[in-house]
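In what follows, a structure is listed as structure tokens, so that the remarks can point back to it.
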Amino acid sequence: MLRFPRLTQCLFRRRRGRPWPNFGWLLRSRGGSHHFSIFINNHSGTKKNYAIFTAAPNITPSVERTWTSVIAVLRGVVSGSGEATFSMPKQVYAICGTSKSDQAAQILIEVLDRRPVSLGVRSSDGTLIPGTALEVEVSDESPGFTTGVPPPPSGDETAFCIQTGHDFTFEAAKDGDFILGLGGARIADKRLEQDVGRAYAFFIPQPNTTYQIKPSNVFCIAAVSSDVQPRTLTTPDSNSSTCIVDFNELQSDDVQIVHDTKGDLIIQTAPTACRCLIGTGGL
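Numbering (this note's numbering), first residue to last: 1132 to 1414.
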């Protein structure tokens, strides 16, 4: 399980005499605003690995616990001239299924169903255009999305909706490792698929419940050891500094981060969008 620290201070720095960098050309070449991109420059003095994961979504009604897992690990970024790039689509996917893992043995068994969803939005006249709604059914001791006529859209603003039925109990969900949440699209390249997590954030569902799930546009970047893998669960600790990038506050789809000689991860664009985490305790 990957561990991260409590928010204690914020650092912002621009290279002296230079403007804020602009990587918009790269995003435009990848489809404009359809991707988030993170660029990391390593000036820490040693080769580094960087894990990227997302903050937990807002879920209504509240759930007992939400887990997040590492989306990707950028490995072997050399110091000085080393650069790393991570780009992912904004398209959100609802997921359900089962997930079992043994971090010590580095074993993961994951059975997932996924569907692309749209989030609820407000029109120019203030009318809510509801987001996607999906229904879950349990068969063969595993949850999956129904394949019939979907329910009418009912996602709140910036949310999508998942409805569970009466065909399981919460105890069965815990014993069977049921999960609901959000994740990414299928990856056609099998080599890349091993390097990217599929379930970004998830929770154990209750039966007969309608969940409103609001994905987060907040991403976390942390320097990590070489044994950290995609899909590793994240939890707070004191052994790492983490930079949090809020793309909503950035009002931009790309960001550059510098890992400096002090070990700080520093954003080099709009200052309100980054918080650097150094210390102990929970996120």
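Ideal placement from N, C-alpha and C gives every residue a C-beta, glycine not left out.
With 16 other Cβ atoms within 10 Å as the buried cut-off, status of residue i
{"i": "V1208", "result": "buried"}
{"i": "G1279", "result": "exposed"}
{"i": "H1165", "result": "exposed"}
{"i": "T1216", "result": "exposed"}
{"i": "S1193", "result": "exposed"}
{"i": "P1274", "result": "buried"}
{"i": "P1188", "result": "buried"}
{"i": "G1412", "result": "Residue confidence is low: G1412 scores 33 on pLDDT, short of 50, so the model does not pin down where it sits. No coordinate-derived value is stated."}
{"i": "D1384", "result": "buried"}
Same chain, Cβ closer than 8 Å to residue i, five either side skipped, listed in chain order
{"i": "T1392", "result": "H1174, S1175, G1176"}
{"i": "H1297", "result": "P1338, N1339"}
Beta-carbon proximity of residue i to residue j, cut-off 7 Å
{"i": "G1262", "j": "F1309", "result": "no"}
{"i": "N1172", "j": "S1357", "result": "no"}
{"i": "F1184", "j": "T1197", "result": "no"}
{"i": "T1289", "j": "L1250", "result": "yes"}
{"i": "A1203", "j": "P1361", "result": "yes"}
{"i": "V1269", "j": "F1301", "result": "no"}
{"i": "A1332", "j": "A1182", "result": "no"}
{"i": "S1218", "j": "S1168", "result": "yes"}
{"i": "T1340", "j": "T1295", "result": "yes"}
{"i": "D1287", "j": "Q1343", "result": "yes"}
{"i": "T1363", "j": "V1242", "result": "no"}
Given residue i as reference, the closest of the options once Cα atoms are compared
{"i": "C1227", "options": "E1272, L1259, L1313, S1347", "result": "L1313"}
{"i": "Y1224", "options": "D1395, L1265, N1379", "result": "L1265"}
{"i": "V1248", "options": "D1384, P1284, T1363, V1269", "result": "P1284"}
{"i": "I1293", "options": "A1354, S1383, P1336, G1315", "result": "P1336"}
{"i": "K1231", "options": "H1390, P1220, A1304", "result": "A1304"}
{"i": "F1330", "options": "D1244, E1272, K1178", "result": "Per the sequence shown, the amino acid found at residue 1330 is Ala instead of Phe. With distances taken between Cα atoms, A1330 lies closest to D1244."}
{"i": "Q1382", "options": "R1246, V1349, T1363", "result": "V1349"}
{"i": "G1307", "options": "T1229, D1384, N1379", "result": "T1229"}
{"i": "S1212", "options": "E1195, I1190, T1191, F1170", "result": "F1170"}
Residues sharing a beta bridge with residue i, DSSP
{"i": "N1172", "result": "E1214, V1389"}
{"i": "R1246", "result": "A1225"}
{"i": "N1339", "result": "In the DSSP output, where bridge partners are listed per residue, N1339 has none listed."}
{"i": "F1350", "result": "T1185, V1376"}
{"i": "Q1294", "result": "E1266, T1341"}
{"i": "R1253", "result": "L1259"}
{"i": "I1397", "result": "V1389"}
Cβ shell of residue i (< 6 Å), same chain only, five flanking positions each side left out
{"i": "V1252", "result": "I1260"}
{"i": "V1355", "result": "N1180, A1182"}
{"i": "G1163", "result": "Here the model assigns G1163 a pLDDT of 46, short of 50, so the residue's position is not dependable, and the following value carries that caveat. So no residue of the chain qualifies."}
{"i": "S1210", "result": "N1173, S1175, G1176, T1177"}
{"i": "A1186", "result": "S1347, V1349"}
Beta-carbon contacts of residue i that lie in its chain and below 7 Å, excluding the five residues immediately before and after
{"i": "A1117", "result": "In the structure displayed, the chain extends from 1132 to 1414; residue 1117 sits before or after that span and is not available."}
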